[in-house]
Amino acid sequence: MRLLSRLSLVLTGARGVLASCIAGECPDAVRDAKDAEPSLLQLHHQGKSWCTANGQDPWASGQRVDCCAGLDLCFGEHQNGPSYRCESSCGVGSTPCTPKGQDPFQTSSLVECCSGLEMCMGQYGSSEAFSYRCFEQCPASCTQKGDNVYQTGRHVPCCGGLEECSGDWNMDGQWSHRCFNKCWMGEYHPHFDTTPDYLDIAASARGVRGNDGELSDNYYLVIGDNGGSAGGCDGCCGWQWQVANKMKEYVRNRKAANPRSTLLFILLVGDNFYWTGASPGRFDATWKSVYQELADYPWFVILGNHDFGNDDPDCLCPFFHERARCTAADATAAGCGGAKPYSIANQSYACNQLNADKGGVDGDLRRNFHIPDFTFFYTIPELDFELIGLDYNWYDRHGIGGNGYGPSGGGRGVAKSCGGVERVEDSLARLRDASNKILDERAKAAAWTNYALISHYPDWAQEGINLRHKFLQGMHQEQAAQKRVLNFYGHTHIQQCDRHADEEDPNLCTDILTGGAGGCCGDKPAGFVAVTWNKDGKMTNECFLEKDCTIWEWSLLQDNATRSAAKPTNVRAEGKQEVCHNTVDDPRCPGYAGPLKL
C-alpha cells in the first residue's frame with residue numbers, strides 16, 4: 001500500500017503539493033512517503049518543509065522543490081542526460097544554466113541559458129500566456145516587415161500594424177506573402193509648398209518689384225528627353241552636350257544683345273535619366289556637369305517612362321520601401337509642404353529624383369533640380385504665371401523603364417520591387433488621378449493669366465487627350481478666353497510645333513513637342529524652346545515667332561564627308577524653311593547639324 005501511494009504521487013505530479021507541505025498538514029500519501037528512501041522521492045523533510053536532498057533532482061516530483069540548506073542548484077551531465085542536481089558545490093561541468101526547451105525563470109530568478117542557446121519569448125505548450133524558453137534560435141512569434149510569413153515552414157502572422165501582401169517578388173511566377181504597412185498605394189496625396197514663389201524667382205525678374213527693364217527681358221527655357229550622359233545609348237552623351245552647349249550659347253547671345261536679358265528658370269518634361277532612371281551619383285555626370293552654369297538656375301521637373309526604371313526601382317511602391325513620410329504632424333516640414341502644404345494626409349516616398357528632403361539622392365549638388373512631388377504647381381504672382389507639373393505615365397504603363405517588364409526589361413526591377421506588374425500599374429493610376437485632380441483644381445481657381453503645363457506625352461500617346469484643352473475646359477468660357485496657356489511635352493525625340501490654338505494670337509505655338517534635348521537617340525531636329533513675356537504681360541515663344549517658322553519644316557544641309565564637323569551654310573533646301581535659332585539644326589548656327597544619328 002505504501003509503494004502504491006508513492007507511485008500515485010509521482011504519476012499524478014500534483015503541482016505544489018510537496019513544496020507546500022508542512023508537517024502535520026500533508027495528505028496521507030505524502031505522510032507515508034515521508035520516510036521513503038531518497039532514491040524514490042529524492043526529498044528530505046527538514047524542519048517543517050520538504051527540500052531536495054544532496055545529489056537529487058529538484059524537479060523529480062514534477063515541480064521544483066528547493067535544495068536543502070547548504071546545497072546549490074547545479075546543472076550538468078547525469079545518467080539520464082543533462083539535468084539539475086542539488087550539490088554541496090557545483091563542480092566543473094556543472095555550472096548552473098537553463099537547458100534547451102526549459103524556462104530560464106523557473107527558479108523564480110533568472111538562470112542564464114546554457115552555451116549556444118538564446119532566451120526566447122513566446123507562447124509555449126497549451127498556455128496562451130507569454131513566457132521564456134531557451135533555444136538555439138528563437139522561433140518567430142510574428143513575421144517582421146518585408147519577411148515571408150511562411151519563411152519558417154509554417155504560417156506566422158504579421159506583427160502588429162502590418163498587412164499580409166501577396167506578390168510575385170522575383171517575377172518568376174512564384175507568388176508569396178510578405179508583411180508590410182500597406183499592400184497598395186491607395187489614393188495618392190501630393191505634398192508640396194503652395195506658397196507663391198517660395199524660391200523668390202521674382203526677385204531677379206525685370207520689370208517687377210521696381211526692378212529696371214521690361215517683362216520681355218525675362219524668359220525661360222524648356223527641354224525634354226535629355227538625360228543621355230553616363231547611362232544612355234552610345235553617342236547619347238555627345239548629343240546631350242551639343243544641345244546643352246547651344247542652350248548656353250543662346251543665353252550668352254541674348255545677354256549680349258540685351259544686357260537686361262534674364263533667364264528665370266528651366267522646365268524639363270521627363271526622361272531625365274536614360275535608360276532606366278537616376279541611380280545615386282547620376283546627378284553630377286548627367287545634369288550638373290553637362291549644363292554647368294545653367295544648373296545654377298531653378299529647374300522644375302516631371303518624370304517620364306524611362307525615369308521609372310531599374311535604377312530607381314522603389315519610386316512606385318514607397319509603401320514597401322519607405323525613405324520619407326509626410327503626415328499631418330510634419331506637414332510644414334520643408335520636404336512635406338513648408339509654410340502652405342497642399343496636403344496633410346499620410347504619404348510615403350522612396351524615389352531618387354524627388355527632392356533630397358523627400359528621400360531623393362545626391363544631396364546639395366542637385367539643390368536646383370526641383371521635383372517637389374510627382375505632380376505639383378508653382379506660382380509667380382508678379383509675372384501673373386503658374387506652372388503645373390503633371391504625371392500621366394499610366395498611359396505608357398507597358399513601357400516603364402523604356403521597354404517594360406520582360407527578362408531584359410528596363411522596368412523589371414520596378415515590378416520586382418512592387419511584387420508584380422499589377423501593383424506598378426495601380427500606382428501609376430493613382431499618380432494619374434492626383435494629376436487630374438490638381439489640373440481640375442487649378443482650372444477652377446483660374447487665378448492667373450499665364451500657365452505653363454509640363455507633362456511627358458504628346459496627345460497621341462495618352463489616348464488623344466490634349467491637356468491644354470482639358471485645362472481650359474475646366475474654366476468658365478469667359479475666363480478661358482483671357483488665359484495664355486502653353487502645353488509642353490516630349491517622349492518623341494524631336495522639336496515640333498503641334499498646334500496654334502490661341503484665339504488672340506493665331507501665330508503663337510501653344511502645344512510644343514520639345515523632346516529633342518539630345519538624350520535619345522540622335523533624332524533630328526533637336527533643340528529647346530525659349531518663352532518670354534510680351535508688352536501686355538502674356539507669354540510668347542521666341543522660337544515660333546511666325547506661323548511658318550516652326551520646327552516641323554526643317555532642313556539639314558551638310559556634306560556626307562563632313563558629318564562629324566558639319567560646316568554652316570546659307571543655302572536653303574528647296575521648299576523647306578530654316579528652323580528657328582533655338583535649335584541646333586539651324587543652318588545659320590555653327591553646330592547646325594546637331595546630334596547626328598550615325
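Residue 1 is where the sequence shown starts when you use full-length UniProt numbering, and the numbers rise one by one after that. Where a beta carbon is used, it is the ideal one built from N, C-alpha and C, also for glycine.
Residue state for N450 is assigned as strand, using DSSP reduced to three classes. Counting the other CB atoms within 10 Å of its CB gives D373 a total of 16 or more, which places it among the buried residues. In chain order, K100, C134, F135 and E136 place their CB closer than 7 Å to the CB of L117, counting only its own chain and leaving out the 5 sequence neighbours on each side.
The C-alpha of K437 lies about 31 Å from the C-alpha of E164. DSSP places M539 within a strand segment (E or B) once states are collapsed to three.
Judged by DSSP secondary structure, I344 falls outside any beta strand (DSSP E); it is assigned neither H nor E. Take P280, set aside five residues on each side of it, and the residues of its chain with a beta-carbon closer than 8 Å to its own are N352, V361 and D362, in chain order.
When the Cα atoms are used, G515 and A415 turn out to be separated by approximately 27 Å. Fewer than three pairs of CB atoms, one per stretch, sit closer than 8 Å, so the region 462-473 makes no contact with the region 211-218.
Straight through space, the alpha carbons of G304 and C521 are spaced by roughly 15 Å. Within the region 55-134, the runs of beta strand (DSSP E) at least 3 residues long that lie entirely inside it are, in chain order, 72-78, 81-87 and 118-123. Where H469 is concerned, the enclosing alpha helix (DSSP H) starts and stops at L467 to Q473.
Beta bridge pairing from DSSP links G167 with S176. If you compare the alpha carbons of H493, C74 and G81 with that of S88, the shortest gap goes to C74.
Between D314 and A350, the beta carbon gap of about 4 Å places them in contact (Cβ cut-off 8 Å). Short of 8 Å from the beta carbon of I494, and not among the five residues preceding or following it, lie these beta carbons of its own chain, in chain order: L513, G515, G516, D523, K524, P525, A526 and I551. Scanning its chain for C-beta atoms nearer than 7 Å, with the 5 sequence neighbours on each side dropped, one finds around D57 the residues Q42, S83, Y84 and R85, in chain order. The Cβ-Cβ distance between L387 and A446 does not fall below 8 Å. Annotation: R206 to P381 spans about 14 Å, alpha carbon to alpha carbon. Straight across, the Cα-Cα distance linking A53 with G161 is about 51 Å. Ranked by Cα distance from S176, the first of G153, F192, M185 and P196 is G153. Relative to the Cα of T492, the nearest Cα in the group S348, G224 and D200 belongs to G224. Residue state for C236 is assigned as helix, using DSSP reduced to three classes. Annotated three-state conformation of W241 is helix, per DSSP.
Beta-bridge analysis with DSSP links Y378 to L387. Rounded to whole angstroms, E112 and E77 show a C-alpha spacing of 17 Å.
Burial of L472 is indicated by the presence of at least 16 other C-beta atoms within 10 angstroms of its C-beta.
By the CB criterion at 8 Å, L199 and P298 fall inside the cutoff.
Only buried fits H306, as 16 or more other CB atoms lie within 10 angstroms of its CB. The straight-line gap separating the alpha-carbon atoms of F488 and E542 is approximately 14 Å. Under DSSP, H370 takes part in a beta bridge, and its partners are F300. In this structure D193 is not in contact with G227, their Cβ atoms being roughly 26 Å apart against a cut-off of 8 Å. Taking the C-beta atoms as reference points, S348 is found nearer than 8 Å to P318. Assignment of beta-bridge partners to D197 by DSSP yields no partner. For I438, the enclosing alpha helix (DSSP H) begins and ends at V421 to A445. Within a 10 Å sphere around the beta-carbon of S435 sit 16 or more other beta-carbons, which makes this residue buried.
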